[in-house]
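Enquirer: In the numbering used here, the protein residues as written are 1 to 234.
Even glycine gets a Cβ: it sits at the ideal position worked out from N, Cα and C.
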C-alpha cells in the first residue's frame with residue numbers, strides 16, 4: 001500500500017485531535033468563524049462499542065439526503081439509482097451522516113441498513129432524524145447517533161434522494177470528506193476539510209489558556225479578570 005504525504009498528514013491530525021474533546025473542537029471552530037462552530041445539535045449516542053465508551057470516533061463524512069415520500073427536490077438532483085439501495089453504496093472508512101426531512105415520525109436507519117453499512121466499512125452513523133431496531137443497531141458494534149427513535153420503517157415517509165452531497169443542519173454545513181468528531185461525553189462536531197490544520201494549530205493555545213483561567217479562578221480571581229488576563233491575547 002502506498003502512503004502519501006497527505007494521508008500521513010491526515011493520520012497525524014487525527015492522532016492529535018484524539019487528545020481533545022468536542023467542546024475544545026467547537027471552541028477552535030468558533031474562533032475560526034465556522035458556522036455553528038461545527039456542532040450537530042440534539043443528536044445522542046444510541047450505540048457505542050463497550051471498549052470505547054470514553055473514546056472519540058473520528059473519520060471523514062459521507063452523506064445521504066432523504067426526501068419526503070412523493071416530493072421531488074429540485075436541488076440537489078436525485079442520484080440514488082432506483083435499482084440500488086443507498087446502503088449498498090456506503091463509502092468505506094467514513095462516518096455516514098443521514099439527514100431526514102424535519103418533523104417525520106418514521107425512522108431512516110434500522111438494523112439491516114446499519115449492518116450493511118458496517119459490512120461496507122463504515123466507521124459510524126449519525127442520523128439527523130430517527131432510528132429503529134436498537135438491539136440490532138447495537139449488535140453492529142458501530143457508534144450510532146440520532147435525534148430520536150421510531151418503530152416505523154423509512155418507507156412510511158422518506159425516500160433516499162442523494163448521496164455525497166452537502167448537508168445543512170441548523171446552520172452547520174457538512175460536506176463529504178469533512179472530518180466528523182464523535183465524542184460520547186460531549187457530542188458531535190464536524191470540522192471542514194480546509195480547517196483541520198488550523199484547528200490542530202489552535203487547540204493547544206486555547207486549552208492552555210483555559211487551564212490558566214481555571215487555575216486563576218481556583219485561586220480567587222474573578223472570571224472576568226481571568227478571561228481578560230489569559231484569553232485576551234488569543
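Thinking C-beta only, is residue 66 closer than 8 Å to residue 235?
Expert: Past the boundaries of the shown model lies residue 235; the chain is included only from 1 to 234, so the question cannot be answered.
Enquirer: Quick one: give me the first and last residue of the alpha helix (DSSP H) that residue 204 is part of.
Expert: Here the alpha helix (DSSP H) through residue 204 covers 196-218.
Enquirer: Looking only at its chain, what residues have a beta carbon closer than 7 Å to the beta carbon of residue 203, apart from the 5 residues adjacent to it on each side?
Expert: 20, 24 and 28, listed in sequence order.
Enquirer: Going straight from the alpha carbon of residue 140 to that of residue 131, what length do you get?
Expert: Taking the straight line joining both Cα atoms gives about 14 Å.
Enquirer: With H, G and I counted as helix, E and B as strand and the rest as coil, what does DSSP make of residue 103?
Expert: If DSSP states are grouped into helix, strand and coil, residue 103 belongs with coil.
Enquirer: Straight-line CA distance for residue 81 to residue 165?
Expert: Straight-line Cα distance between these residues: approximately 15 Å.
Enquirer: Suppose you measure from the CA of residue 183 to the CA of residue 228; what does that come to, to the nearest Å?
Expert: Their backbone Cα atoms lie some 29 Å apart in a straight line.
Enquirer: Over what stretch of residues does the alpha helix (DSSP H) that includes residue 119 continue unbroken?
Expert: Start and end: 111-119.
Enquirer: Provide the residue(s) that pair with residue 146 in DSSP beta bridges, ordered along the chain.
Expert: 44 and 127, per the DSSP bridge assignment.
Enquirer: Which of the three DSSP states, helix, strand or coil, is assigned to residue 53?
Expert: Because residue 53 carries a pLDDT of 47, less than 50, the predicted location of this residue cannot be relied on, and no value is offered for it.
Enquirer: So if DSSP puts residue 62 in a beta bridge, which residue, or which two residues, is it bridged to?
Expert: Its beta-bridge partners are 96.
Enquirer: With burial defined as no fewer than 16 other Cβ atoms inside 10 Å of the residue's Cβ, what is the status of residue 112: buried or exposed?
Expert: Flag for residue 112 reads exposed.
Enquirer: Quick one: using the 10 Å Cβ neighbour count with 16 as the cut-off for buried, is residue 91 buried or exposed?
Expert: Buried, since its Cβ has 16 or more Cβ neighbours within 10 Å.
Enquirer: Output the distance between the C-alpha atoms of residue 68 and residue 78, rounded to the nearest integer angstrom.
Expert: Using only the alpha carbons, I get a separation of about 13 Å.
Enquirer: Is residue 168 helix, strand or coil by DSSP?
Expert: If DSSP states are grouped into helix, strand and coil, residue 168 belongs with the strands.
Enquirer: At which residues does the alpha helix (DSSP H) containing residue 185 begin and terminate?
Expert: Where residue 185 is concerned, there is no enclosing alpha helix (DSSP H), given that its DSSP letter is neither H nor E.
Enquirer: Are the beta-carbon atoms of residue 63 and residue 176 separated by less than 8 Å?
Expert: Cβ atoms of residue 63 and residue 176: closer than 8 Å.
Enquirer: Alpha helix (DSSP H) containing residue 223: first to last residue?
Expert: It spans 223-230 - the alpha helix (DSSP H) in which residue 223 sits, taken as one unbroken run.
Enquirer: Is residue 115 a contact residue of the ligand COA, with contact defined as CB to any heavy atom under 7 Å?
Expert: As presented, the structure is devoid of all ligands, the ligand COA included, so that no description of it is given.
Enquirer: The alpha helix (DSSP H) spanning residue 162 covers which residue range?
Expert: Premise fails: residue 162 lies in the beta strand (DSSP E), 158-163, not in any alpha helix (DSSP H).
Enquirer: Go ahead and pull the three-state DSSP assignment for residue 29.
Expert: Residue 29: helix per DSSP, three-state reduction.
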